[in-house]
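Asks: Per the numbering used here, residue 1 is the first one in the sequence shown, and the count goes up by one each step. Using N, Cα and C, we set each Cβ at its ideal position, and we do this for glycine too. No experiment lies behind these values; they were computed from the predicted model shown.
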Amino acid sequence: MNTTNNPFAEELTPENCCFIMIDHQVGLSTFLTSLDPAILKNNIIGHAKTAKAFNIPTVLGTSWPHGPNGPTMPELIQLFGADSVIDRPFVNFWNDAKSKDAVVATGRKKLVISGLATEVCVAFPAIKAAQEGYEVYAVIDASADWNPLVTQITMQRLASAGVVVTTWVAVLAELANNTQINGQHIANLLSEHVGQYAVAMSNYIGVAANAKLMTDVIGTPPLMAHLG
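1. Take residue 107 as the anchor and find which of 58, 93 and 95 has the nearest alpha-carbon.
2. For my contact list, residue 118 and residue 159 are in at a C-beta cut-off of 8 Å; report their separation, rounded to the angstrom.
3. Closer than 7 Å by C-beta to residue 129: which residues in its own chain qualify, once you throw out the five before and the five after it? Chain order, please.
4. Can you look up residue 10 in the DSSP assignment and give me helix, strand or coil?
5. How many angstroms separate the CA atom of residue 39 from the CA atom of residue 194?
6. Is residue 58 helix, strand or coil when you go by DSSP?
7. Is the beta carbon of residue 24 less than 7 Å from the beta carbon of residue 175?
8. Of all Cβ atoms in chain B, is any one closer than 7 Å to the Cβ of residue 54?
9. Determine the DSSP secondary structure at residue 72, reduced to helix, strand or coil.
10. So, with DSSP's three-state summary, where would you put residue 105?
11. How would you label residue 62, buried or exposed, when you count the other beta carbons within 10 angstroms and need 16 or more for buried?
12. So residue 118 is in the beta strand (DSSP E); what residue range does that whole segment cover?
13. For residue 17, which residues from the same chain have a beta carbon less than 6 Å from its beta carbon, with the 5 sequence-adjacent residues on both sides left out?
14. Can the beta-carbon of residue 147 be found less than 7 Å from the beta-carbon of residue 29?
15. Between the C-alpha atoms of residue 55 and residue 152, what's the straight-line distance to the nearest angstrom?
16. For residue 188, count neighbouring Cβ atoms within 10 angstroms of its own Cβ and tell me buried if that reaches 16, exposed if not.
17. Might you give, ordered along the chain, the residues of its own chain that have their beta carbon closer than 8 Å to the beta carbon of residue 229, omitting 5 neighbours on each side?
18. Within this structure, are the beta carbons of residue 142 and residue 99 separated by less than 7 Å?
19. Per DSSP, which one or two residues make a beta bridge with residue 19?
20. Can you tell me which of 161, 7, 48 and 84 puts its alpha carbon nearest to the alpha carbon of residue 192?
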């Protein structure tokens, strides 16, 4: 496959990418309201669980945790452990040697970045990493800003810089690739974090159980008999 002009022609796989989750801190998540805080939290956790499901290297960053930004979301600490969080003094994650070195150490060239806020904590490192030859994906719905207008402007800036603007479910689906092999990850994560899918899954399970019950009682109905 010729990827000279389009490095993103190679799909995301669990073996070629790493996740960078920047400043998902409890203070930031309450006052960056371009997404409803509950929806934002749900998306962040679903995205983080995607990394765990596929054993993808994940680097967590934090800034000013003892100030109004607050500590890292406890759900992320539970998933990845407190030692996975790198605190930094720099606004730009990519300007912090320890943070950048942790990414380089993964050996991955595809970076899947999310953070609070999109306009700063995602955009600044995403653009710099893209300039250095990394293939960068910005997960917009696991990130947030002061208002939707800021997000719209930032998405345009990211796309102009060659960053793929995406969503956590799209990342999940691309990583899963084959539903016969990885369908359980799609079913589990979407059932937990996408309400519409949870309803559909409940309906499917209920109908399947009822269908089996009926066939056990009456046998398989002659579905085509009425056409005779």
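Replies: Quick answer:
1. With distances taken between CA atoms, residue 107 lies nearest to 58 out of 58, 93 and 95.
2. The distance from the Cβ of residue 118 to that of residue 159 is about 13 Å, inconsistent with a contact at the 8 Å cut-off.
3. Here the set comprises 94, 111 and 136.
4. It is coil, neither helix nor strand.
5. Between residue 39 and residue 194, the C-alpha separation is close to 10 Å.
6. The answer is strand: DSSP assigns residue 58 an E or B state.
7. Residue 175 sits away from residue 24, with the two beta carbons spaced by 7 Å or more.
8. Protein chain content of the structure displayed is limited to a single chain, and chain B is not contained in it.
9. Collapsing the DSSP output to three states places residue 72 in a strand.
10. Annotated three-state conformation of residue 105 is coil, per DSSP.
11. With 16 or more other Cβ atoms within 10 Å, it is buried.
12. First-last for residue 118: undefined, no H or E at that position.
13. The answer, listed in chain order, is 108, 110 and 112.
14. No, the pair does not count as a contact, with Cβ atoms beyond the cut-off.
15. So the alpha carbons of these two residues sit roughly 31 Å apart.
16. With fewer than 16 Cβ atoms within 10 Å of its Cβ, residue 188 is classed as exposed.
17. Only positions 1 to 228 of the chain appear in this structure, which leaves residue 229 out of reach.
18. Contact: no.
19. Residue 19 is bridged to 58 and 112.
20. With distances taken between Cα atoms, residue 192 lies closest to 48.
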